[in-house]
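Peer 1:
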Amino acid sequence: MEQTFAIIKPDAVSSGHTGAILQRIEEAGFRVAAMRMVRMTKAEAEGFYAVHRERPFFDSLTTFMSSGPAVVLALEAPGAIAGWRALMGATDPARAEEGTLRRRYGSSIEHNATHGSDAPETAAFELGYFFRGLELVR
Ligand code: CMP
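Numbering (the working numbering), first residue to last: 13 to 150.
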């Protein structure tokens, strides 16, 4: 069993798609191991996306991620990291396959509805950034 970290981003929350995305998550076979709504500060978003701090989109991305409430999740399934990335689709909604969450709910590469960890090391960092260990106990 594997855990990954997911965010329903502020664009998807504000457009009223939280419930639909959670339904897709559960129908796809993930167990929601932990979940919370958060309103990140700019500094908290900068800490979360620190690996991207040299990228030209860093300021815009962290302003967006701190612009309103988001839902943070720990998802559990066999192969959860790859499985969640497949359900989300490509980072850019315009390139994401039909039927994926970003294709359906994203509107730009920045406002792309969802986030997911890309590897076990990032999942460990990202889960730990938002959840205490005891929230992740099965
Ligand atoms: P996410 O999976 O949250 O990881 C980093 C985010 O940076 C990514 O989704 C996009 O929302 C954003 N991002 C990646 N590339 C670009 C880009 N070229 N321009 C703007 N935002 C980007």
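Think of the CB as a built atom: it goes at the ideal place given N, C-alpha and C, for glycine as much as any other residue.
Under 7 Å: does the beta carbon of residue 113 sit that close to some heavy atom of ligand 1?
Peer 2: It does not: the Cβ of residue 113 is nowhere closer than 7 Å to a heavy atom of ligand 1.
Peer 1: When DSSP labels each residue in this structure, what does residue 109 get in the three-state scheme?
Peer 2: Of the three classes helix, strand and coil, the one that applies to residue 109 here is coil, per DSSP.
Peer 1: Sorted by chain position, which residues of the same chain lie with C-beta nearer than 6 Å to residue 58's C-beta, five sequence neighbours on each side aside?
Peer 2: Excluding positions up to five away in sequence, the list reads 74.
Peer 1: Taking C-alpha atoms, which residue in 129, 68, 21 and 43 lies nearest to residue 49?
Peer 2: It is 21.
Peer 1: Does the separation of the CB atoms of residue 139 and residue 86 fall below 8 Å?
Peer 2: Their beta carbons are under 8 Å apart, which means residue 139 touches residue 86 by this criterion.
Peer 1: In three-state terms, what does DSSP make of residue 42?
Peer 2: Residue state, collapsed to three classes: coil.
Peer 1: Throw me the rounded Cβ distance for the residue 84 and residue 25 pair, which I believe falls under 8 Å.
Peer 2: 11 Å between Cβ atoms; not a contact.
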